[in-house]
Amino acid sequence: MAKPLSMDKPECFIDTESGGKLYVKESALQILQKIEQPVVVVAVVGLYRTGKSYLMNRLAGKQTGFALGSTIESKTKGIWMWCVPHPTKAGTTLVLLDTEGLGDVDKGDSKHDSNIFCLAVLLSSTLVYNSRGTIDNRAVEELQYVTELTECIKVKSSNNEADDSGEFVKFFPSFIWAVRDFTLERKIYGNDATEDEYLEFALKLKVGTSKKVMEYNLPRECIQNYFPSRKCFTFPFPTAPENVSRLEKLDSADISSDFLEVTENFCKYAFEKSEVKKLKDGIIVSGRVLGHLAKNYVDTISSGVVPCLENAVIAMAKIENEAAVKDGLEIYQSGMEKLKDTFPLELKNVSSEHQHLSSTATQTFMKRSFRDNDGGYLKTLEEKINKLFDEYLRQNEEASKRQCEDLLSVLSGPMTEKLKQGFYAKPGGYDLFCKDLEDIVKNYNSQANKEVKAEEVLEEFLKQKSVDSKAILHADKKLTEKEKKIKGEIEKINKLFDEYLRQNEEASKRQCEDLLSVLSGPMTEKLKQGFYAKPGGYDLFCKDLEDIVKNYNSQANKEVKVLPILLNIIVI
Ligand SMILES: Nc1nc2c(ncn2[C@@H]2O[C@H](COP(=O)(O)OP(=O)(O)OP(=O)(O)O)[C@@H](O)[C@H]2O)c(=O)[nH]1
Ligand SMILES: [Mg+2]
């Protein structure tokens, strides 16, 4: 709920430049700008020095506030305002408007008076007309400004010539006539009358069509037509004549109890019956809108143009709808900025927060906007939100990309180092590289928080690595072929070597057999001739055999020196 704002004293709201032009005070606008609550606006108008400011102070519940005049000169200039929390309607602000006294002949500017009256009518939800004495013809005629309202205010901009005074009633404030220093008895044809009966009696039209009757009837007709809701309070003389000039300083004991009673009833009525200020189509006016409204009307009047209710609503709608778009956008943006701190996020998380904030932004917009009949401003808000959303999505992607790239850079650090050192430049290097790459991918996939760009970044990384991979595979193939060739050569040599060894063994065997055959030749001959077939022959045979073995063993070159030669060949 919007916070109430309370001013501790009134401020000048609408002032007059030295050239006589009215203008809205910036300081007052700034105060109103802060009031988001609906406002109940009670304005007082009437002849100068009739106790208007005093009455407004009573409405504010204060003894002093709006400055009271102590001389016969008019005191209040322009329009002053006092915003206080509404005493009985929680959630609304009571705006009291005290206006410059009308009819000061010294001023000699009736147009100025009429403008002040007009602004009071345009800005208030309850208009208090303050007069002194009785409601006689003079008092009604003093309210001549009512008859000028049709010339001072237009309802629609289009029907320039048409009389749209009938429409006024829809936008005009309710009306209270406060009669001060009422000393007469309230009697109608000798009968006691209530205050309201007294007022209605005073406003009664005369029958006839003479100029005099018409002149008599005109202000009464205007009051009746424009202000269908009317109320009257007749205030007795407040205190002893000598005390009147210092009324605001008096204790309540020194003020007439009748006066206090009427004042209290007046205040009670004003609080209870005064409604929140509304524009055409029932649009509720906040303090902020009241500020815009005042500025619009005052600027229009000052530029010499007749203020138009319809145009004011259009202008208000433009200001408020633009501000509503801004409000909605701010809500969305501040929420998304918070979310941005947690990027990268999954797309669905960004989208759901976007949706939530969009609908909050729309609600915020709706609260402030009015008359966005074709939904143009809401569309603008949506377009701006979508534009921002696209940008946030891009930033989320970027954050994800950065995170994924950083992660891959860390995970592939050792591989990069190995590549630099040519670790994979060996037979089987390709398999090792593939294994390392597989580990990196596995590790990468197991890591959380990569989000939207995870796949894309990995794909890019693998694309880059495929260049390394191809190079390694190529080198690996070459190296492996060379190795296979060498292996084949070695196998061939080994086979050759084995063959030579076999041949060597065979040659050695042959050589030994030949040697033994030569060495055992005599023994063979002796055996043939039966040389050992005699006593002691066995010993002779053993002796010969022993000699053969000795001889055989003493012989060198029994084995061929192939091995060292072969080994030499292999080494070469
Ligand atoms: N006789 C009489 N005097 C009053 C009454 N209320 C206030 N006054 C006195 O009348 C003088 C003018 O009162 P204001 O409240 O300043 O009157 P005003 O209508 O605001 O005067 P302007 O701002 O000059 O138009 C002051 O001295 C008040 O004390 C009242 O009901 N009767
Ligand atoms: Mg005053």
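Residue numbers (this note's numbering): -8 to 563. Note that CB positions come from ideal geometry on N, CA and C, so glycine has one too.
### Query
Got a sec: does ligand 1 put a non-hydrogen atom nearer than 7 angstroms to the Cβ of S349?
no
### Message
Nearer than 7 angstroms: is that true of the beta carbon of F262 relative to any heavy atom of ligand 2?
### Response
Closer than 7 angstroms to some heavy atom of ligand 2: that does not describe the Cβ of F262.
### Message
Going by DSSP, what residue range makes up the beta strand (DSSP E) through C3?
### Response
E2 to T7
### Task
Confirm, please, whether the CB-CB distance from E252 to C223 is below 8 angstroms.
Going by C-beta atoms, C223 is not nearer than 8 angstroms to E252.
### Message
In this structure, how does DSSP classify L59 when only helix, strand and coil are distinguished?
### Response
DSSP places L59 in coil when its eight states are reduced to three.
### Task
Give the secondary structure of S165 by DSSP, where H, G and I count as helix, E and B as strand, and everything else as coil.
strand
### Task
Go ahead and label S9 buried or exposed: buried means 16 or more other beta carbons lie within 10 angstroms of its beta carbon, across all protein chains shown.
exposed
### Task
Provide the residue span of the beta strand (DSSP E) that contains V405, from first to last.
Position check: residue 405 holds Pro in this sequence, whereas Val was assumed. Unbroken run through P405 is the alpha helix (DSSP H), G404 to K411; no beta strand (DSSP E).
#### Entry: Simplified DSSP assignment, three categories, for A462
helix
### Query
Within 7 angstroms: the Cβ of M183 and any heavy atom of ligand 1?
At residue 183 the sequence reads Asp, which differs from the Met that was named. No.
### Message
Closer than 7 angstroms to a non-hydrogen atom of ligand 2 - does that hold for the CB of K259?
### Response
no
### Query
Taking 7 angstroms as the line, does the beta carbon of V280 fall inside it for any heavy atom of ligand 1?
False, no ligand heavy atom lies under 7 angstroms from that Cβ.
#### Entry: Where I144 sits in the DSSP three-state scheme
coil
### Query
Is DSSP giving A416 helix, strand or coil here?
coil
### Query
Would L492 be called buried (16 or more neighbouring beta carbons within 10 Å of its own) or exposed?
exposed
### Query
Taking the alpha-carbon positions, what's the L338 to L398 distance?
20 angstroms
### Query
For the region 278 to 345, which segments carrying the alpha helix (DSSP H) assignment without a break, of at least 4 residues, lie completely within its bounds, in sequence order?
Counting whole runs of 4 or more residues, the region 278 to 345 contains the alpha helix (DSSP H) stretches 278 to 293 and 300 to 331.
### Query
So what's D430 in DSSP terms, helix, strand or just coil?
helix
### Message
So if DSSP puts I179 in a beta bridge, which residue, or which two residues, is it bridged to?
### Response
N182
### Query
What are the boundary residues of the beta strand (DSSP E) that Y14 is part of?
L13 to V15
#### Entry: Cα-Cα separation between V553 and G512, rounded to whole angstroms
With a pLDDT of only 48 at V553, under 50, the local geometry of the prediction cannot be trusted, and the value read off the model is given with reservation. Looking at the two C-alpha atoms, the distance is approximately 29 angstroms.
### Task
Under 6 angstroms Cβ to Cβ from L196, same chain only, skipping five residues before and after it: list those, please.
N208 and R211
### Query
Using the C-alpha atoms, what's the distance from Q438 back to I561?
Note that I561 has pLDDT 48, beneath the 50 cutoff, so the model's placement of it is unreliable and the number below is only indicative. Roughly 56 angstroms separates the two Cα atoms.
### Query
Using the rule of at least 16 other Cβ atoms within 10 Å of the residue's Cβ for burial, across every protein chain shown, is T84 buried or exposed?
buried
### Message
Using the three-state DSSP reduction, which class does L557 fall into: helix, strand or coil?
### Response
Any reading at L557 is ruled out, since the residue's pLDDT is 47, under 50, leaving its predicted position unreliable.
### Task
Please report how far the alpha carbon of R171 lies from the alpha carbon of V280, in whole angstroms.
33 angstroms
### Task
Give the range of the beta strand (DSSP E) segment to which M224 is assigned.
One detail in the question is off: residue 224 reads as Phe in this sequence, not Met. Unbroken beta strand (DSSP E) run through F224: R221 to T225.
### Task
Enumerate in chain order the residues of its own chain whose CB-to-CB distance from E442 is below 7 angstroms, with the five nearest sequence positions on each side excluded.
P335, L336, E337 and S391
### Query
Taking Cβ to Cβ, would you say E301 is nearer than 8 angstroms to K268?
E301 is not a Cβ neighbour of K268, given a cutoff of 8 angstroms.
### Query
Does any heavy atom of ligand 1 sit closer than 7 angstroms to the C-beta of E233?
No.
### Task
Flag K331 as yes when its Cβ comes closer than 7 angstroms to any non-hydrogen atom of ligand 2, and as no otherwise.
no
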